[in-house]
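Number of protein chains: 2
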Amino acid sequence: MQVGIDAISAHIPPHYFPVRELAVLRQIDPDKLEKGLGLSAMSLVEPEQDATDLAAQALIALLQENPTVLPRVGRIYMGSESHVDGAKPTLSYALSKVETALGQPGCFNACDVVDMTFACIAGVDAMLSCVEYVRLNPDHCAIAVASDLAIYSEGSAGEYTQGAAAVAVLISANPRLLVMEKELGIGYAGVEDFHKPLQRFQRAALAQELGAALNPASDSAFWSSPKTQVWVHSIEPVFDGPYSNACYTERLQEALTRYENQCGESWLQRFDKMAFHLPYAFQGRRMGASLWLNALRPTAQWADLVAEIGPEPSQEEAKTEWEKKASKSQLYRQFVAQRMLGAERASSAMGNGYTASIFIALLGIMAQAITEQEELSGRAVGFLAYGSGSKGKVFRAVFQGDWKQSPAAQTLWTRLKERSPIDTETYLRWHRAR
Amino acid sequence: MQVGIDAISAHIPPHYFPVRELAVLRQIDPDKLEKGLGLSAMSLVEPEQDATDLAAQALIALLQENPTVLPRVGRIYMGSESHVDGAKPTLSYALSKVETALGQPGCFNACDVVDMTFACIAGVDAMLSCVEYVRLNPDHCAIAVASDLAIYSEGSAGEYTQGAAAVAVLISANPRLLVMEKELGIGYAGVEDFHKPLQRFQRAALAQELGAALNPASDSAFWSSPKTQVWVHSIEPVFDGPYSNACYTERLQEALTRYENQCGESWLQRFDKMAFHLPYAFQGRRMGASLWLNALRPTAQWADLVAEIGPEPSQEEAKTEWEKKASKSQLYRQFVAQRMLGAERASSAMGNGYTASIFIALLGIMAQAITEQEELSGRAVGFLAYGSGSKGKVFRAVFQGDWKQSPAAQTLWTRLKERSPIDTETYLRWHRAR
Chain A
1458 MQVGIDAISA
1468 HIPPHYFPVR
1478 ELAVLRQIDP
1488 DKLEKGLGLS
1498 AMSLVEPEQD
1508 ATDLAAQALI
1518 ALLQENPTVL
1528 PRVGRIYMGS
1538 ESHVDGAKPT
1548 LSYALSKVET
1558 ALGQPGCFNA
1568 CDVVDMTFAC
1578 IAGVDAMLSC
1588 VEYVRLNPDH
1598 CAIAVASDLA
1608 IYSEGSAGEY
1618 TQGAAAVAVL
1628 ISANPRLLVM
1638 EKELGIGYAG
1648 VEDFHKPLQR
1658 FQRAALAQEL
1668 GAALNPASDS
1678 AFWSSPKTQV
1688 WVHSIEPVFD
1698 GPYSNACYTE
1708 RLQEALTRYE
1718 NQCGESWLQR
1728 FDKMAFHLPY
1738 AFQGRRMGAS
1748 LWLNALRPTA
1758 QWADLVAEIG
1768 PEPSQEEAKT
1778 EWEKKASKSQ
1788 LYRQFVAQRM
1798 LGAERASSAM
1808 GNGYTASIFI
1818 ALLGIMAQAI
1828 TEQEELSGRA
1838 VGFLAYGSGS
1848 KGKVFRAVFQ
1858 GDWKQSPAAQ
1868 TLWTRLKERS
1878 PIDTETYLRW
1888 HRAR
Chain B
1458 MQVGIDAISA
1468 HIPPHYFPVR
1478 ELAVLRQIDP
1488 DKLEKGLGLS
1498 AMSLVEPEQD
1508 ATDLAAQALI
1518 ALLQENPTVL
1528 PRVGRIYMGS
1538 ESHVDGAKPT
1548 LSYALSKVET
1558 ALGQPGCFNA
1568 CDVVDMTFAC
1578 IAGVDAMLSC
1588 VEYVRLNPDH
1598 CAIAVASDLA
1608 IYSEGSAGEY
1618 TQGAAAVAVL
1628 ISANPRLLVM
1638 EKELGIGYAG
1648 VEDFHKPLQR
1658 FQRAALAQEL
1668 GAALNPASDS
1678 AFWSSPKTQV
1688 WVHSIEPVFD
1698 GPYSNACYTE
1708 RLQEALTRYE
1718 NQCGESWLQR
1728 FDKMAFHLPY
1738 AFQGRRMGAS
1748 LWLNALRPTA
1758 QWADLVAEIG
1768 PEPSQEEAKT
1778 EWEKKASKSQ
1788 LYRQFVAQRM
1798 LGAERASSAM
1808 GNGYTASIFI
1818 ALLGIMAQAI
1828 TEQEELSGRA
1838 VGFLAYGSGS
1848 KGKVFRAVFQ
1858 GDWKQSPAAQ
1868 TLWTRLKERS
1878 PIDTETYLRW
1888 HRAR
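Keeping their order, the protein sequence lines are chains A and B.
In terms of our numbering, the first sequence is residues 1458 to 1891.
In terms of our numbering, the second sequence is residues 1458 to 1891.
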């Protein structure tokens, strides 16, 4: 029995901030962002909205487009790193909004519901749990949700990669869009490339951080007991970009190697399209170059690369130069254009959606194929998922005959075009109010 | 192929605070806590320790007791509501401590790792995900971890139910301890009986909460960008005890009904022992009375109850009185003693361990049977799991021939006896320093 993605819905926030205007604000060369990283716009959400609103929108769209499915849904799992509670699942807040919007209180009473957390990969973790559930319960369906807001400090190196998105993915037997295969390569290592630690502050120290003079005699509701410390949680991550890129590459190489050992075949042969987690649009092509070189070396195509840019030197420094040349070769550009273009285009227009990002990449691949009238039925997409902290997962899914019928893929470019830009003043006001 | 619990390890914190001393401190009648709720001691953890330390201890014990298993472990999932990070899984911090302690850096490189969140039920969610994984990958094993600290404000109604614990559960094919069955009853409803919401504070308002006067001219590292707001996360929950009890009962009744529909048999016949999630030791027997009455009504045993306490009146008020009498009947006391006694005894000695609590209940049942030389092989334990927010799950596992070989069960009472008490002054110092 085959299990996979039967339907997918995305919430695309109706506002965006042009990256070119952020470049002006921060006095960054716009070409560095547009041509270097592939950024053009970032999805922005009004400060009152959080991940529960985005998730609810994606779920409402999925359930309205598939109105008869709910009685068969036995599991709804969500990946996010924009949680709103330390105990009660963020998904449960979203589901309450969905019940109200659909006018169906209690409609999830028979569903298993949970939040999963592992930075940007938890949405994929949720989806794979849903696939396991349907493999074991083929009469039932499951829904994976990914919802996040990527918010960074003003002026930080992350600011131009901001974004927001949510997706809901319906998993079923005999799926209409994509069949998931069983091979799964994993790479895990505990590193601190990106995190959002709870910070413990002494009461006096926090007052100092606030620029305030502590008056220990005063007590209020929040300090109902004689607390001396408080935990403060920043929604903006602590991160090291270049180190995180290196971790991403290492985890993916480990996952790819394990994946190939299971399949007995190179991923190069197996992935017609590639859906990376894209913190910025060109992350896949930039990091992919070294993975591609490793995979290309034992193949006949290696001779084509050598014919184009000359033989690989043995000397270390020259080698680095040569690899840079390889990443700009005609052969690699072709590889990127064939396998990643739609994913990049969608990411470029929305920015980073953390857990939702890899699903937006998938929708971009589908939307681009519809635009170019490229037939995907029977062709395969490789998922290259990453979560900081850190874990990589690699697996494959095969497009089915009805893949073109996905409303989310059909309308993606139109919906992105219909959004409204916000100006710099609004951007700053929203950012500071969050 | 049969899948279930092959091994289980628990971390029992070496310190406890006697509930009788808390009663003195708070001027509560000690009998209300000891005889009314079944509380005798609360496990306490030094303020420098968090859920990652507890989880690491349980994992180290499991891997040292099962030294050859690691290469076959493909999944480690953790449930907790004491997370230390908003993006990177709390489990990954624990695993880094385990790698160091075992002197095996990178030993989890091939493992799928994730955090799950749904209040106290997320440890069960993690375990059931591990069971699904092994059903689909029977050559592999998986480990579920549950780790929590239950901390409540001084003087609050939750203070006397505090506790801390962590467990690690090894799931495999042909397990030595317990075979998990496939039937699973679920009840879900989005309610706010207990949660730990992130609270958004205006900078000035937080300063006021701190009893401090804000000086807006001052800025420091934490306020690196012109933030006006900050999120504050209390480790102490916001909750409504009686409402949460009602939600617990409703979710369990829903889950039990769905479970019985799948089995075609009453749970009364199916559960020789009952492992409840126990926020306090007598939660199971108190809430269980109404579930038991519902289940007993259609059986021949109903006549025994009527013979003992008289017939059930039809008038509403008299009915409530009669139900109270039923919960104190010889028949129900016998039921509790046979099915819950060990679970209550373990909970009574440790307090609430949130996600770990139901597994401590299971260990208590096993330890009590060892003490009483009761043979459990071939007998069944019902899991009655609850997470606020809210979700109930009901399923069954059958003890295997080697169930007595569990070191954690064999040593439970001894290890509880070997702990050191702390005095009231230390209790207050530790609580306030956290």
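For glycine and all other residues, C-beta sits at the position ideal for the given N, C-alpha and C.
Separation of the CB atoms of residue 1618 (chain A) and residue 1808 (chain A) is rounded to 6 Å, and the pair is thereby assigned contact status at 8 Å. A straight line joining the alpha-carbon of residue 1520 (chain B) with that of residue 1559 (chain B) spans about 9 Å.
Comparing C-alpha distances from residue 1524 (chain B) to each of B:1608, B:1740, B:1464 shows the shortest one belongs to B:1464. CA-to-CA, the gap between residue 1535 (chain A) and residue 1847 (chain A) works out to about 19 Å. Counting only runs of 4+ residues, the alpha helix (DSSP H) found wholly inside the segment 1558-1597 of chain B occupies 1579-1593, in chain order. For residue 1764 (chain B), the closest of B:1633, B:1795, B:1781, B:1786 by C-alpha to C-alpha distance is B:1786.
For residue 1627 (chain A), there is no enclosing alpha helix (DSSP H); the residue is found in the beta strand (DSSP E) stretching over 1620-1630. Chain order gives the chain B residues near residue 1570 (chain A) as 1575, 1645, 1848, where near means a beta carbon separation below 8 Å. Annotation for residue 1616 (chain B): 1609 place their beta carbon closer than 6 Å to its own, counting only its chain and skipping 5 residues before and after. In this structure, the straight-line span from the alpha carbon of residue 1873 (chain A) to that of residue 1882 (chain A) is close to 22 Å.
With distances taken between CA atoms, residue 1834 (chain A) lies nearest to A:1632 out of A:1632, A:1752, A:1550, A:1544.
Residue 1541 (chain B) reaches chain A at 1654, 1655, counting residues in chain order whose Cβ is nearer than 7 Å. As a beta-bridge residue in DSSP terms, residue 1843 (chain A) pairs with A:1849.
In summary, no residue of the segment 1733-1747 of chain A has a CB separated from any CB of chain B by less than 8 Å. With at least 16 other beta carbons inside 10 angstroms of its own, residue 1742 (chain A) counts as buried. The beta-carbon of residue 1566 (chain B) is placed less than 8 Å from the nearest beta-carbon of chain A.
Fully contained in the segment 1677-1765 of chain B are the following beta strand (DSSP E) runs of length 3 or more, in chain order: 1686-1690, 1730-1733.
Counting only residues of its own chain and dropping the five nearest sequence neighbours on each side, residue 1812 (chain A) has a CB closer than 6 Å to the CB of 1536, 1537, 1577, 1579, 1580, 1603, 1605. A direct Cα-Cα distance of roughly 20 Å separates residue 1781 (chain A) from residue 1709 (chain A).
Chain-order list of chain A residues neighbouring residue 1552 (chain B): 1645, 1647, by C-beta distance under 9 Å. Chain order gives the chain B residues near residue 1592 (chain A) as 1593, where near means a beta carbon separation below 7 Å.
For residue 1814 (chain B), no chain A residue has a C-beta closer than 8 Å to its own C-beta; the minimum C-beta separation is roughly 14 Å. In the structure shown, residue 1533 (chain A) adopts extended strand secondary structure according to DSSP, grouped into three states. Contact between the segment 1644-1651 of chain A and the segment 1489-1505 of chain B is absent: fewer than 3 CB-CB pairs across the two stretches fall below 8 Å.
The beta strand (DSSP E) runs of length 3 or more contained entirely in the segment 1471-1510 of chain A are, from start to end of the chain, 1472-1475, 1498-1501. Annotation for residue 1511 (chain B): 1468, 1604, 1623 place their beta carbon closer than 6 Å to its own, counting only its chain and skipping 5 residues before and after. For residue 1645 (chain A), the pairing in a beta bridge is given by DSSP as A:1848. Chain-ordered, the chain A residues with CB closer than 7 Å to the CB of residue 1546 (chain B) read 1574, 1575, 1846.
For residue 1796 (chain A), same chain residues with a beta-carbon under 6 Å away, outside a window of 5 residues either side, are 1730, 1731 in chain order. Here residue 1865 (chain A) really is in contact with residue 1820 (chain A); their C-beta atoms are around 6 Å apart, less than 8 Å.
The criterion of a C-beta distance shorter than 8 Å is satisfied by residue 1746 (chain B) and residue 1784 (chain B).
Closer than 8 Å at the C-beta level to chain B, one finds these residues of the segment 1608-1630 of chain A: 1610, 1611, 1612, 1613. Within chain A, the residues 1544, 1545 have their CB atoms less than 9 Å from the CB of residue 1651 (chain B), given in chain order. Contact check for residue 1591 (chain A) against residue 1630 (chain A) passes: the beta carbons are separated by less than 8 Å. DSSP places residue 1614 (chain B) outside both helix and strand once states are collapsed to three, so it counts as coil. Comparing C-alpha distances from residue 1728 (chain B) to each of B:1854, B:1721, B:1545 shows the shortest one belongs to B:1854.
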